[in-house]
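S.K.: Residue numbers (the UniProt record's numbering): 1 to 308.
Here you go:
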């Protein structure tokens with residue numbers, strides 16, 4: 001009899017390509033993963049891994065079983081969801097992971113809405129979007145809130161995942177409340193801001209790439225932003241008059257004081273926000289009610305005050 005926990009390890013090994021990466025992804029030690037995969041080989045009665053002193057890779061039989069393992073695990077989750085769906089009452093533990101600005105923006109509405117379900121335990125964690133997709137795929141979390149600046153993520157992800165579009169989150173200009181452009185009667189002219197200190201996330205972050213693409217449209221010498229980790233840190237510095245920035249509007253949902261928010265004329269830079277879950281999980285009442293609460297939170301949150 002093949003054990004489901006070991007099949008999950010094999011499926012993760014097929015995705016990761018190494019015992020060390022599999023152990024890191026699932027929170028085990030490499031020796032524990034190696035021992036469990038060896039036990040699975042004894043259960044299967046065929047070699048599943050071709051091991052050398054420094055590495056391991058799947059045999060042909062291992063690749064076939066890994067593919068079947070994904071199917072088996074999805075079928076088991078589907079069966080559990082169908083049994084759970086027999087009861088309309090959401091119960092149990094639901095784990096959601098989110099990129100930081102979504103976690104801050106949606107948390108109050110989620111806590112209020114899901115608090116009405118006494119049998120439900122809700123857990124919200126913060127992580128990077130790429131990690132959220134992986135954690136949903138391997139069953140670590142039930143739902144991930146991700147952002148996508150490319151428009152390609154839903155089309156490049158495994159078929160076993162389902163994406164629910166929540167909202168479009170455009171880039172907005174943020175200046176200190178004492179800045180001349182805080183007056184909504186003045187038109188936004190980015191060329192006038194070319195010599196101002198710009199603040200942005202570190203290189204490689206999607207929001208930093210968006211800021212650089214925005215500054216490329218200004219012409220002339222492009223400002224080199226000062227780098228700070230975390231959009232809320234950047235907004236607090238803008239509030240203190242240290243510089244200006246452009247951020248996705250959702251980053252302002254916490255109601256940062258001391259700043260003024262302006263729409264950027266003719267700017268199409270934006271990210272799409274999605275909720276991601278396994279297709280087999282959607283019918284679980286606990287997951288379904290959480291998805292509805294996320295939809296409502298994404299619809300109702302006001303990322304920035306309307307501009308006159």
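Heads up, the beta-carbon is just placed ideally off N, CA and C, and yes, glycines get one too. All values reported here derive from a predicted model rather than from experimental measurement.
1. Measure the C-alpha to C-alpha separation of residue 302 and residue 169 and round it to an integer number of angstroms.
2. Note the first and the last residue of the continuous alpha helix (DSSP H) segment covering residue 132.
3. Using the three-state DSSP reduction, which class does residue 216 fall into: helix, strand or coil?
4. Over what stretch of residues does the beta strand (DSSP E) that includes residue 123 continue unbroken?
5. Per the DSSP calculation, residue 98 is bridged to which residue(s)?
6. I need the DSSP call for residue 88, collapsed to helix, strand or coil.
7. In terms of residue numbering, what span does the beta strand (DSSP E) encompassing residue 3 cover?
8. Using 10 angstroms around the beta-carbon of residue 46, count the other beta-carbons present and answer buried if the total reaches 16, otherwise exposed.
9. Should the segment 180-200 be regarded as contacting the segment 273-283, the criterion being three or more beta carbon pairs within less than 8 Å?
10. Please report the distance separating the alpha-carbon of residue 131 from that of residue 153.
11. Give a yes or no on whether the C-beta atoms belonging to residue 138 and residue 57 are separated by under 8 Å.
12. CB-CB under 6 Å to residue 63, same chain, minus the five flanking residues each way: which ones, in chain order?
13. Return the CA-CA distance between residue 177 and residue 213, expressed in angstroms with no decimal places.
14. Below 8 Å between beta carbons: does that hold for residue 128 and residue 298?
15. For the alpha helix (DSSP H) that residue 274 lies in, which residues bound it at each end?
16. Use the C-beta contact count for residue 10: other C-beta atoms within 10 angstroms, 16 or more gives buried, fewer gives exposed.
M.R.: So, to answer that:
1. Numbered from its first residue, the chain shown carries residue 302 at position 302. Numbered from its first residue, the chain shown carries residue 169 at position 169. One C-alpha to the other measures close to 11 Å.
2. Here the question's residue 132 lines up with position 132 in the chain shown. Looking at the DSSP string, the run of the alpha helix (DSSP H) that includes residue 132 is 129-137.
3. Within the chain shown, the letter at position 216 stands for residue 216. Residue 216: helix per DSSP, three-state reduction.
4. To locate residue 123, count along the chain shown from 1; it is residue 123. Per DSSP, the continuous beta strand (DSSP E) segment holding residue 123 begins and ends at 120-126.
5. Locating residue 98 in the chain shown gives position 98, counting from the first residue. Answer by DSSP bridge pairing, in chain order: 126 and 145.
6. By one-based count along the chain shown, residue 88 stands at place 88. DSSP places residue 88 in the coil class of the three-state scheme, outside both helix and strand.
7. Working through the chain shown from its first residue, we reach residue 3 at position 3. Where residue 3 is concerned, there is no enclosing beta strand (DSSP E), given that its DSSP letter is neither H nor E.
8. Position 46 of the chain shown, counted from the first residue, corresponds to residue 46. Looking at its Cβ environment, which holds fewer than 16 other Cβ atoms inside 10 Å, residue 46 is exposed.
9. no
10. Taking the first residue of the chain shown as 1, we reach residue 131 at position 131. Taking the first residue of the chain shown as 1, we reach residue 153 at position 153. The alpha-carbon atoms of residue 131 and residue 153 are separated by roughly 13 Å.
11. To locate residue 138, count along the chain shown from 1; it is residue 138. To locate residue 57, count along the chain shown from 1; it is residue 57. Result no, Cβ atoms of residue 138 and residue 57 do not sit closer than 8 Å.
12. Working through the chain shown from its first residue, we reach residue 63 at position 63. Excluding positions up to five away in sequence, the list is empty.
13. Here residue 177 corresponds to residue number 177 of the chain shown, with the count starting at 1. Here residue 213 corresponds to residue number 213 of the chain shown, with the count starting at 1. About 25 Å.
14. The residue labelled residue 128 in the question sits at position 128 within the chain shown. The residue labelled residue 298 in the question sits at position 298 within the chain shown. Not a contact, by the Cβ cut-off of 8 Å.
15. Within the chain shown, numbered from 1, the residue matching residue 274 stands at position 274. Element bounds for residue 274: not the alpha helix (DSSP H) but the beta strand (DSSP E), 270-278.
16. Taking the chain shown and counting its residues from 1, the one referred to as residue 10 is at position 10. Answer is buried; the Cβ neighbour count reaches 16.
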